[in-house]
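Engineer: Quick one: the structure is below, and I'll ask about it shortly.
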Amino acid sequence: MQAAPRTVLLCFRPFTTNATLSSAKSTYSASDRLFADAAREETVSSPQKSSRLTALENEHTNWTGDESMQDAVLRMLVDKYKPLRSGTLQSADQKLKRAPPAISSAGAYHGATEEFRGVSKEPSSLKLLQPSTGSWATESLLPSTEGHRPWHTEFRVPSHVSASVKVAHFPLQSSRPSASTHSVDELTRKKEKESKKRVEHVGRLSRARESTLDYRLGIKKSSERMGRQPNPVSLKGWASLVEDKIEKARIAGVFNAVKGRGQPMARTVEESNPFIGREEFLMNRIVQRNGAAPPWVELQAELDIAVQSFRELLRQSWIRQTLRNLTTNHPAQILAQFNLSDMKCHRDPDWEMRERAYHDAAVEEVNALVRKYNGLAPYAVRRPYYSRSVEIGMLYEDCAGEIMKQLAERVKGGQGGGMPGYRSEVESHHEAAREVVKIMGLKDLFLAWWHRLVGKWNSR
């Protein structure tokens, strides 16, 4: 038999060198590694999840940034009504009841340490506690005895507590002066005596002044003094003292001379004003009765006086000027024919021009007061400025009646001109001159006049 031909399979293996491997490693970066891992994970199929995990994942939606209505209501209810403790959670009272602190008689500090240790210890295994009555609200923390009442409880000092208060022993004070008293020098003792005398002197003066006032008021006579004056320390004592004083004053007749006794009370319009409070009304009345007023009220009175004085001077000046002109330029027959309308229409431009400077200065002073008043007064009571032309126009209207009255008196008296006082003075002067001329003679009068002129000329 001939042997079958043997077939040889040759595999191609690429030839690589160390240089080629090093270059490949150098070109392989971290990002390529990450992409390769991601591709490998995608090719591997994910394991099957349990149905419960899938249900839990689909039960709650992802957070969208807004709180739902159900969550908001639940949060408010939990904040308002705190949930009760349940399960393995225990309060401090429950822990103390289950593991009370151990008390040791070794000492206060040692007992406190053991108590702290007993409280701080927690059982290794927690058990679920259930209330015997069904609710912790009705469960008593301490065991109770049937028929026991709170007043039956008697306090007993614990055995481990020791008294920390010691009995105080105070030494008896000796009535004899100590050695330190004798060591005080004479100057210090003199100063103490002088201060005591000064205090006693001031006390005697104050008591004497109080007794004098009481005697003048008739509250307590000097013969009825039985000791120190009462000095109550309570409100009831002060009320009794006040009632006693009032009763003594009533018996003495002090209230018999009260202003307005037996008469109806004087009411004012401000008292029934609903826009003014009772406290404000009483305060304003007290201020008014004591003569006090706000600054703008005092300035208002000053302004009224200034305006009244200016108008009165203006009135007298115009009446005097008008009477002088009319009685000088017109006889009595024509003066009797004037009426009120003629006096209102009468004007004197010369007098106005002559007195213009005075009128302007007076009006400026009044306006300065008005400016000062408006700076302090409220807006509702402020005043406008005064004008010279307006005041002159009012003057002609107001003075017409007074001018007619004085003209009528002069016509009845037979006076043809001049004012009453001025005319009487002039007439008396002329009469005195006539008497002098009659006594001295005309020649002597001229000689005296000539000597007077010569004397004046020589004196120059």
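Numbering-wise (the UniProt record's numbering), the sequence shown opens with residue 1 and increments by one.
Even glycine gets a Cβ: it sits at the ideal position worked out from N, Cα and C.
On the criterion of 16 or more Cβ atoms from any shown chain inside 10 Å, does residue 347 qualify as buried, or is it exposed?
Structural biologist: What you label residue 347 is simply residue 347 of the sequence shown in a count that begins at 1. Burial is judged here by how many other beta carbons sit within 10 angstroms of a residue's own beta carbon; residue 347 has fewer than 16 and is exposed.
Engineer: Where residue 408 and residue 336 are concerned, what is the direct C-alpha to C-alpha distance, given to the nearest angstrom?
Structural biologist: Counting from one through the sequence shown, the residue named residue 408 turns up at place 408. Counting from one through the sequence shown, the residue named residue 336 turns up at place 336. Rounded to whole angstroms, residue 408 to residue 336 spans 7 Å at the Cα level.
Engineer: Measure the alpha-carbon distance for residue 310 versus residue 398 and round it to whole angstroms.
Structural biologist: Mapped onto the sequence shown, residue 310 falls at position 310. Mapped onto the sequence shown, residue 398 falls at position 398. Between residue 310 and residue 398, the C-alpha separation is close to 14 Å.
Engineer: Are the CB atoms of residue 402 and residue 319 within a distance shorter than 8 Å?
Structural biologist: Along the sequence shown, read from residue 1 onward, the residue named residue 319 stands at position 319. Along the sequence shown, read from residue 1 onward, the residue named residue 402 stands at position 402. Going by C-beta atoms, residue 319 is nearer than 8 Å to residue 402.
Engineer: Under DSSP, the alpha helix (DSSP H) around residue 306 begins and ends at which residues?
Structural biologist: In the sequence shown, counting from the first residue as 1, residue 306 sits at position 306. Segment 295–329, the alpha helix (DSSP H) holding residue 306.
Engineer: Counting only the same chain and skipping the five closest in sequence on each side, list residues whose C-beta sits under 6 Å from that of residue 368.
Structural biologist: The sequence position of residue 368 within the sequence shown is 368, counting from 1. Cβ neighbours of residue 368 beyond the five flanking positions: none.
Engineer: Within 10 angstroms of its Cβ, does residue 343 collect 16 or more other Cβ (buried), or is it exposed?
Structural biologist: Counted from its first residue, the sequence shown places residue 343 at position 343. With 16 or more Cβ atoms within 10 Å of its Cβ, residue 343 is classed as buried.
Engineer: Is it the case that the Cβ atoms of residue 392 and residue 365 are separated by a distance below 8 Å?
Structural biologist: As a working note, residue 392 is residue 392 in the sequence shown. As a working note, residue 365 is residue 365 in the sequence shown. For residue 392 and residue 365, no; Cβs fall outside 8 Å.
Engineer: Between which two residues does the alpha helix (DSSP H) carrying residue 334 extend?
Structural biologist: One-based indexing of the sequence shown puts residue 334 at position 334. Going by DSSP, residue 334 is part of the alpha helix (DSSP H) stretching over 332–335.
Engineer: Go to residue 90, then tell me how far its alpha helix (DSSP H) extends in each direction, as first and last residue.
Structural biologist: What you label residue 90 is simply residue 90 of the sequence shown in a count that begins at 1. No alpha helix (DSSP H) contains residue 90, which DSSP labels as neither H nor E.
Engineer: May I ask you to report which of helix, strand or coil DSSP gives residue 241?
Structural biologist: The count along the sequence shown starts at 1 and reaches residue 241 at position 241. Secondary structure at residue 241: helix, using DSSP grouped into helix, strand and coil.
Engineer: Would you kindly work out how many angstroms separate the C-alpha atoms of residue 316 and residue 265, rounded to a whole number?
Structural biologist: In the sequence shown, residue 316 corresponds to position 316, counting from 1. In the sequence shown, residue 265 corresponds to position 265, counting from 1. Between the alpha carbons of residue 316 and residue 265 lies a distance of about 45 Å.
Engineer: When you compare the stretch 374–393 with the stretch 286–300, are there three or more beta-carbon pairs, one atom per stretch, that lie closer than 8 Å?
Structural biologist: yes
Engineer: To the nearest angstrom, report how far apart residue 53 and residue 59 are at their CA atoms.
Structural biologist: In the sequence shown, residue 53 corresponds to position 53, counting from 1. In the sequence shown, residue 59 corresponds to position 59, counting from 1. Each residue's alpha carbon lies about 10 Å from the other.
Engineer: Can you say whether residue 424 is buried or exposed, counting buried as having 16 or more other CB atoms within 10 angstroms of its CB?
Structural biologist: Taking the first residue of the sequence shown as 1, we reach residue 424 at position 424. Low confidence applies to residue 424: its pLDDT is 46, below 50, so where it sits in the model is not reliable, and the reading given next is rough at best. That one is exposed.
Engineer: Taking 7 Å as the cut-off, is the CB of residue 244 close to at least one heavy atom of the ligand GDP?
Structural biologist: Among the ligands in the structure shown, none appear at all, so the ligand GDP cannot be discussed.
Engineer: With DSSP collapsed to three states, give me the class of residue 20.
Structural biologist: Locating residue 20 in the sequence shown gives position 20, where the first residue counts as 1. Residue confidence for residue 20 is low, a pLDDT of 44 falling below 50, so the modelled location carries little weight; the figure read from the coordinates is stated next. Residue 20: helix per DSSP, three-state reduction.
Engineer: For residue 439, which residues from the same chain have a beta carbon less than 6 Å from its beta carbon, with the 5 sequence-adjacent residues on both sides left out?
Structural biologist: One-based indexing of the sequence shown puts residue 439 at position 439. In this prediction, residue 439 scores a pLDDT of 47, lower than 50, which makes its location untrustworthy; the coordinate-derived value is nonetheless stated afterwards. Correct list: empty, nothing qualifies.
Engineer: Ignore the nearest five residues each way along the sequence and tell me which others in residue 199's own chain have a CB closer than 6 Å to its CB.
Structural biologist: Here the question's residue 199 lines up with position 199 in the sequence shown. For residue 199, where only same-chain residues beyond five positions count, there are no Cβ hits under 6 Å.
Engineer: Report yes if the C-beta distance between residue 363 and residue 388 is below 8 Å; otherwise report no.
Structural biologist: Translated into positions along the sequence shown, residue 363 becomes position 363. Translated into positions along the sequence shown, residue 388 becomes position 388. Note that the C-beta distance between residue 363 and residue 388 is below 8 Å.
Engineer: Give me the Cβ distance between residue 370 and residue 358, rounded to the nearest whole Å; I'm assuming they're in contact under 8 Å.
Structural biologist: By 1-based counting over the sequence shown, the position of residue 370 is 370. By 1-based counting over the sequence shown, the position of residue 358 is 358. Between residue 358 and residue 370 the Cβ distance is about 19 Å, and since that is not below 8 Å, they are no contact.
Engineer: Beta-carbon separation of residue 340 and residue 404 under 8 Å?
Structural biologist: Start at 1 with the first residue of the sequence shown, and residue 340 comes out as number 340. Start at 1 with the first residue of the sequence shown, and residue 404 comes out as number 404. It is a contact, given that the beta carbons lie within the stated cut-off.
Engineer: Alpha carbon to alpha carbon, how far is residue 354 from residue 321?
Structural biologist: The residue given as residue 354 occupies position 354 in the sequence shown. The residue given as residue 321 occupies position 321 in the sequence shown. Cα-Cα distance, rounded: 12 Å.
Engineer: Starting from residue 283, follow the alpha helix (DSSP H) in both directions and report where the run begins and ends.
Structural biologist: For this step, residue 283 is matched to residue 283 along the sequence shown. Its alpha helix (DSSP H) spans residues 278–289.
Engineer: May I ask you to report which of helix, strand or coil DSSP gives residue 385?
Structural biologist: Counting from 1 along the sequence shown, the entry for residue 385 is found at position 385. Reduced to three states, the DSSP call for residue 385 is coil.
Engineer: What is the DSSP secondary structure of residue 99, reduced to helix, strand or coil?
Structural biologist: Walking along the sequence shown from the start, residue 99 turns up at place 99. Coil, per DSSP.
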